[in-house]
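Just so we're aligned: the sequence shown equals residues 18 to 274 in my numbering.
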Amino acid sequence: MDCVSLADNFKQYFEIKFAASTALRQESFKIRHSVYCEELGWEPLRENGMETDECDEYSFVLLLLHKRTGQYAGTARLVIPPPEHPSYQLPFEQHCLSSVRTDLIDLSEFERGSFSEISRLAVPEAFRRRLGEKNTPYVINEINLEKDVFSEEERRNFPNIAIGLYLSIIALVQMCHHKAMFVVVEPRLKKRLERLGLAFEQIGDEMDYHGTRALFYLPEHKYISALNPEILQLFHMLKSQLAPQLRLYPYLTRQKD
Numbered sequence: 018m019d020c021v022s023l024a025d026n027f028k029q030y031f032e033i034k035f036a037a038s039t040a041l042r043q044e045s046f047k048i049r050h051s052v053y054c055e056e057l058g059w060e061p062l063r064e065n066g067m068e069t070d071e072c073d074e075y076s077f078v079l080l081l082l083h084k085r086t087g088q089y090a091g092t093a094r095l096v097i098p099p100p101e102h103p104s105y106q107l108p109f110e111q112h113c114l115s116s117v118r119t120d121l122i123d124l125s126e127f128e129r130g131s132f133s134e135i136s137r138l139a140v141p142e143a144f145r146r147r148l149g150e151k152n153t154p155y156v157i158n159e160i161n162l163e164k165d166v167f168s169e170e171e172r173r174n175f176p177n178i179a180i181g182l183y184l185s186i187i188a189l190v191q192m193c194h195h196k197a198m199f200v201v202v203e204p205r206l207k208k209r210l211e212r213l214g215l216a217f218e219q220i221g222d223e224m225d226y227h228g229t230r231a232l233f234y235l236p237e238h239k240y241i242s243a244l245n246p247e248i249l250q251l252f253h254m255l256k257s258q259l260a261p262q263l264r265l266y267p268y269l270t271r272q273k274d
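In structure tokens, the structure reads:
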């Protein structure tokens, strides 16, 4: 019997969703609140149980659906500063601009609307690791159900949830023909992404922002050029799910070269 590919296995359990409605966007905000406010304490608790900020006004949200249970296994947003509002900033421009290495990159060369930032990636606690794993950076509490609803086979896919969200965001970035994508992450996470073929370049000094973080960017020619074959297949599968859900690519400012 042939081995099931990573893409086919992922597709069996998960489906990427573009949050085109208010209801879907609110599902993302609820996940963010549970992770960033309730669990990590990085943001203040909100009475409505939804974590939002000013960047959501010009962000595009993805959700990863766990097909069997109908639960959302993760979310991420792509923040795109609209060209008609030059004062609107990316999260890194609000919090990390002083750390940018101007000897490595000139941000003034990027036209507003032609670049973006992946932000607020969040995976609910129950979807973070496999049953029985130890020595991980995350602790999973008891799921608030009579029994654990996830099989061990399903849990084997949990480490791929964040990868799927990153690849889906990159698919959206690629469809928008953006020149670059930015992200603020731990340097060690950058190394893990690099092993998958996502060659983010560090363009900012390390800083203390909810732990050690740095600014990285991925130029257009490196979006998928270094992905290993299995990850590339997963990327194309996710892009094929996402593309039909988009009626209009956000802030498309140029034609593909």
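Beta carbons are placed, not taken as given, at the ideal position from N, Cα and C, and that holds for glycine.
Source: prediction; values computed, not measured.
Checklist entry - Using a Cβ-Cβ cut-off of 7 Å (strictly less than) and excluding sequence neighbours within five positions of residue 185, which residues of its own chain qualify? => result 33, 79, 255, 259
Checklist entry - Should the region 83-101 be regarded as contacting the region 38-49, the criterion being three or more beta carbon pairs within less than 8 Å? => result yes
Item to check | Contacting residues, own chain, Cβ-Cβ under 7 Å from residue 197 (five flanking each side not counted) | outcome: 127, 132, 234, 235, 236, 237
Checklist entry - Does the beta-carbon distance from residue 215 to residue 183 come in below 8 Å? => result yes
Checklist entry - Are there 16 or more other CB atoms within 10 angstroms of the CB of residue 222, so buried, or fewer, so exposed? => result exposed
Item to check | Nearest to residue 212 (by Cα), restricted to the options 224, 228, 241, 192 | outcome: 241
Checklist entry - How many angstroms separate the CA atom of residue 277 from the CA atom of residue 120? => result Lying before the first or after the last residue shown, residue 277 is absent from the chain, which here runs from 18 to 274.
Checklist entry - So residue 247 is in the alpha helix (DSSP H); what residue range does that whole segment cover? => result 246-259
Next on the checklist: By DSSP's criteria, residue 132 is part of a beta bridge. Which residues make up the other side?
Outcome noted: 197
Next on the checklist: In this structure, how does DSSP classify residue 236 when only helix, strand and coil are distinguished?
Outcome noted: strand
Next on the checklist: Using a Cβ-Cβ cutoff of less than 8 Å, which residues in the same chain neighbour residue 181 once the five nearest sequence positions on both sides are dropped?
Outcome noted: 27, 31, 33, 81, 91, 251, 255
Next on the checklist: Please report the straight-line C-alpha distance between residue 158 and residue 100, rounded to a whole angstrom.
Outcome noted: Any answer about residue 158 is weak, because its pLDDT of 31 lies below 50 and its placement is not dependable; what the coordinates show is given next. Taking the straight line from one Cα to the other gives about 44 Å.
Next on the checklist: Using a Cβ-Cβ cutoff of less than 7 Å, which residues in the same chain neighbour residue 163 once the five nearest sequence positions on both sides are dropped?
Outcome noted: Low confidence applies to residue 163: its pLDDT is 36, below 50, so where it sits in the model is not reliable, and the reading given next is rough at best. Hits under 7 Å: none found.
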